[in-house]
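In the numbering used here, the protein residues as written are 5 to 152. For glycine and all other residues, C-beta sits at the position ideal for the given N, C-alpha and C. Structure record follows, encoded as structure tokens.
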């Protein structure tokens, strides 16, 4: 078996190319909340849970240094990006299988209107990134009288 044999490499490359090709069109649809946006070299699995006073996002990112993670919250979107170093092609000599993904990742999620972007915090422990997004107080709607 070739040392750099990666059975899913072609499928993964095709997935990346299709994302890149169709992302501009997908973002233009009204029903797309952009929660499925995932590009780059690998896609960390994510769980999102709503609790009474916050939303919690957990992503599996084993091997990613917390200093290599960037989290941005703006315009109702939460963006997570980072990089997991991997074996170089030269250092793969002797391997019979290379399956663990490495390289850059990028995920973007739509946030609900109740998310308080000013109080988000994150921590990484044992290969799991946890992002806590507090809920802000619900704003009550009101009817505005039109004068004239």
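Secondary structure note for residue 64: its beta strand (DSSP E) is the uninterrupted segment 58-64. Around residue 121, the same chain offers 77 as residues with beta carbons nearer than 6 Å, after the five sequence neighbours per side are excluded. Taking a cut-off of 8 Å for Cβ pairs, the segment 102-111 and the segment 132-152 do not touch, as fewer than three such pairs fall below it.
By the beta-carbon neighbour count (other beta carbons within 10 angstroms, threshold 16), residue 115 is buried. Assigned with DSSP and collapsed to three states, residue 104 falls in coil, not helix or strand. Within the same chain, and ignoring the five residues on either side of residue 51 in sequence, the residues whose Cβ sits closer than 6 Å to its Cβ are 62. In the displayed model, residue 95 falls within a helix according to three-state DSSP. Between residue 65 and residue 90, the gap from beta carbon to beta carbon reaches 8 Å or more.
With at least 16 other beta carbons inside 10 angstroms of its own, residue 133 counts as buried. One alpha carbon belongs to residue 124, the other to residue 138, and they sit about 6 Å apart. Annotation: the continuous beta strand (DSSP E) that includes residue 83 extends over 81-88. Counting only residues of its own chain and dropping the five nearest sequence neighbours on each side, residue 68 has a CB closer than 6 Å to the CB of 86 and 88.
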